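First comes the structure, then the notes that go with it.
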Amino acid sequence: MAESDKRKTAKRNEARSARWENFARGLYRFRSNRLSMIGLLMLIFILLVAIFAPIIAPYPEDAAGKTRVMARLQPPSEDFVFGTDKIGRDIFSRVVMGTGLALQVGTVIILLATSIGVTIGAVSGYAGGWVDDILMRITDIFLTVPALVLAIAISAALGKGIINAMIGISLVWWPGFARLTRSLVLSLREEPFVEAAYGIGAGHMRIIFRHILPNAVSPIIIKMTTDFGFAVLTAAALGFIGLGAQPPTPEWGAMINDGRRYFPDEWWIATFPGLAIWLMVFSWNLIGDGLRDVLDPRARR
Amino acid sequence: MNLRFYLLRRIALIVPTLIGLSILTFSIARLVPGDPVGLAAGPQATEEIKEALRREFGLDQPLPAQYINYMAGLFRGDWGQSLYTRRDVLPDLRTFWPATLELTTIAVIIATLLGVPAGVISAMYRNRLPDHVARILSLFFVSFPAFWLAMIFQTWFGRDLGMFPINKRLPVLVAPPPTTTGLFLVDSLIQLDFETFMVSLRHIFIPSLVLSFSAFASITRITRASMVEALEKDFVRMERAIGIPYRIIIFKYVLRNAFIATITVISLNFGWLMAGAILIETIFDWPGLGLYAVHASLSLDFQPIMGIAFLYGVVFSLINILTDMVYGILDPRIRYG
């Protein structure tokens, strides 16, 4: 009894150490990719800004729409590093206060899209047959229309606002994850270890969640990282159109829309939120690019 | 013969997808919490007026009946009416669509002309400086919000440097070429009107350049990856062994093999850029679907939105078929059957 327990633990430890070794090797490869490390540093910087936003921002109350009529449309100066907008709000404070929002938006969209997409893809690939047919036809329908157009339609239907924009984008973002997961599941389903699990009587749920999906995690994570930046970008686009975040929310896309009328004479209003979006998207793209090398060494030769 | 049969079958296969798409657009438009009629009629409208509007647009019927009407309309070419302008959607789309198509096509051409060589160079100098530079540049540019970059470029090239026009498809005083396709570049060439051609080329250049940036990275990446893969094939080693110049191997044999995957990505990008054009158009006052779509979506005007989504679906499906045709040209081994 004690002997078999010991053996079990040893086996588990072995599996864990193999996994750990893989992880360590991946970490090493990621660390040796200088570009991705820069991306990671940029992201850490962004996270710190988001966490300490109320301390960093000189006028945190400007995020809520405090007006300062005496200081309208001020160019960048010592008092207002990024200048002020049409009602005298400090652009720097608003950009800083909007950082957390942008991160939240990206996180929610990616998590929602992943959970919908992975579920549908896994069921589709594992079940096969008519279930697969139906689910994939539905996926195809979503893929016939470019995501941005459908996102605009859905968010418009749900009503203006950042929450609805996030829902709208998530609802058009999942098909990519579904396709990816399905293809992974299709090949994993044929692996001997799946057959073995089935042979010793494991249920379908257990096979999907304990045996198949853990082996499909890497490509899904790569896609989550590379998509994160673009999800933020899409949300900003909706904000820019006027469908996303509504004033006075310090959402970067909406801020660019705000500054459009004053561009280029009061260039600072639209320029700095745009640079903030760029920094966020660029950092995720760099990280995603590095992760792709780590998790799929064949991709970069 | 074979090809024609294949084409017909592919086109027939679009129909179920489009029916599905029509269900989707219909559901989006109907199952919404907003009250488009109330918005359109204005705050002063009485219940009777709203009721009359509802009846006029068929909104008082049960949902399945509404859907059948909608779908029958789609096939008849009656894509509904704007709640605000009271104009039919399909003629409006026909008016605005060519401008968007022209913008997107030029953008895809630019992205291909920039992206494919960048990918080829990256593959040839794999993991050396040119490869890294191309990689950084493509990630750098794809990360910009296109609508923001559009504003910057408009100011730099249009206002400060004065090198390109600031907005619109043509100057106010230049009459557009007689409409054959609605694409000014094509129409002016048909008329052999090179002056108008050059003017509209100058107008389209900056908007389509900005639009092309978002496609640059993915085209470069796929070209590089498939070039690298093709370069390791046995036939390349053989060709090098018998002394065929490297340049010829690359451009004549490897690129052709690598191009199939690239074509797929280019055609996918066509759809994405068509969507991105919506944002770019609002900046450059480009009279395409963009302004139309933005206005309609902000005012809960559903028929135009559904029309646009449906149009994009049709075009995207057709592009996919076209792509498969191109595969056959590039790779004679592919048989249509």
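Chain order of the listed sequences is A and B.
Here our numbering = 1-based position in the first sequence + 659.
Here our numbering = 1-based position in the second sequence + 218.
All C-beta atoms, glycine included, are put in the ideal place defined by N, C-alpha and C.
Since the structure is predicted, the reported quantities are computational estimates derived from the model, not experimental observations.
For Asp-791 of chain A, the secondary structure class from DSSP, reduced to helix, strand or coil, is helix. Taken in chain order, the unbroken stretches of alpha helix (DSSP H) that lie wholly in the region 274–317 of chain B and span 4 residues or more are 281–294. Rounded to whole angstroms, the gap between the alpha carbons of Arg-865 of chain A and Asp-948 of chain A is 32 angstroms. Here Thr-414 of chain B carries a helix assignment [DSSP, helix/strand/coil]. Put simply, the region 930–941 of chain A touches the region 905–921 of chain A. At least three CB pairs are less than 8 angstroms apart. The beta carbon of Gly-765 of chain A sits closer than 6 angstroms to those of Phe-887, Ala-890 and Val-891, all from its chain and outside the five residues before and after it, given in chain order. Every alpha helix (DSSP H) of 4 residues or more that sits fully in the region 858–939 of chain A is shown, in chain order, as 876–900 and 911–919.
When the Cα atoms are used, Gly-898 of chain A and Ile-821 of chain A turn out to be separated by approximately 8 angstroms.
According to DSSP, residue pairing for Asp-744 of chain A in a beta bridge does not occur. Per DSSP, reduced to three states, the secondary structure at Asp-549 of chain B is coil, with no helix or strand assignment.
Residue state for Asp-503 of chain B is assigned as coil, using DSSP reduced to three classes. For Trp-366 of chain B, the enclosing alpha helix (DSSP H) starts and ends at 364–371.
Excluding its 5 nearest sequence neighbours in each direction, Ser-418 of chain B has C-beta neighbours in its own chain below 8 angstroms: Arg-387, Leu-388, Phe-402, Leu-403 and Ser-406, listed in chain order. For Arg-693 of chain A, the uninterrupted alpha helix (DSSP H) run begins and ends at 693–710, by DSSP. Distance from the CA atom of Glu-320 of chain B to the CA atom of Leu-509 of chain B, rounded to whole angstroms, is 16 angstroms.
For Asp-749 of chain A, the secondary structure class from DSSP, reduced to helix, strand or coil, is strand. If you ignore the 5 residues before and after Val-740 of chain A, its C-beta comes within less than 6 angstroms of the C-beta of Phe-751, all in its own chain and listed in chain order. Rounded to whole angstroms, the separation of the alpha carbons of Thr-243 of chain B and Thr-743 of chain A is 41 angstroms. When 7 angstroms is used as the limit between beta carbons, Ala-479 of chain B is near no residue of chain A, the shortest such separation being about 13 angstroms. Nearest Cα to Glu-413 of chain B within the set B:Leu-427, B:Phe-423 and B:Ala-393: B:Ala-393.
Within chain B, no C-beta atom comes less than 7 angstroms from the C-beta of Val-953 of chain A; the nearest is roughly 16 angstroms away. Per DSSP, the continuous alpha helix (DSSP H) segment holding Thr-243 of chain B begins and ends at 220–248. With contact defined as three or more Cβ pairs closer than 8 angstroms, the region 937–952 of chain A and the region 372–381 of chain B are not in contact. DSSP places Leu-760 of chain A within a helical segment (H, G or I) once states are collapsed to three. In the pairwise beta carbon analysis, the region 508–528 of chain B is classified as touching the region 298–311 of chain B: at least three pairs are separated by under 8 angstroms. In this structure, Leu-845 of chain A and Val-831 of chain A do not form a Cβ contact; the two beta carbons are roughly 24 angstroms apart against a cut-off of 8 angstroms.
Nearest C-alpha to Ala-448 of chain B among B:Ile-422, B:Thr-480, B:Ser-436 and B:Arg-420: B:Thr-480. Straight across, the Cα-Cα distance linking Arg-294 of chain B with Arg-304 of chain B is about 19 angstroms. Across the region 528–542 of chain B, CB contacts with chain A closer than 7 angstroms involve Tyr-530, Gly-531, Phe-534 and Ser-535, in sequence order along the chain. Burial check for Lys-819 of chain A: the Cβ neighbour count within 10 Å reaches 16 or more, so the residue is buried. Gly-531 of chain B is positioned such that its CB atom lies no closer than 8 angstroms to that of Leu-347 of chain B. Phe-431 of chain B is positioned such that its CB atom lies no closer than 8 angstroms to that of Val-326 of chain B.
Nearest in C-alpha terms to Gly-759 of chain A, of all of A:Ser-842, A:Ala-722 and A:Gly-747, is A:Ala-722. Against Asn-692 of chain A, chain B offers no close residue; the least beta-carbon distance is about 11 angstroms (beta-carbon pairs closer than 9 angstroms).
Between the region 277–296 of chain B and the region 455–473 of chain B there are fewer than three inter-stretch CB-CB distances shorter than 8 angstroms, so the stretches are not counted as touching. For Thr-803 of chain A, the nearest beta carbon of chain B is closer than 8 angstroms to its own beta carbon.
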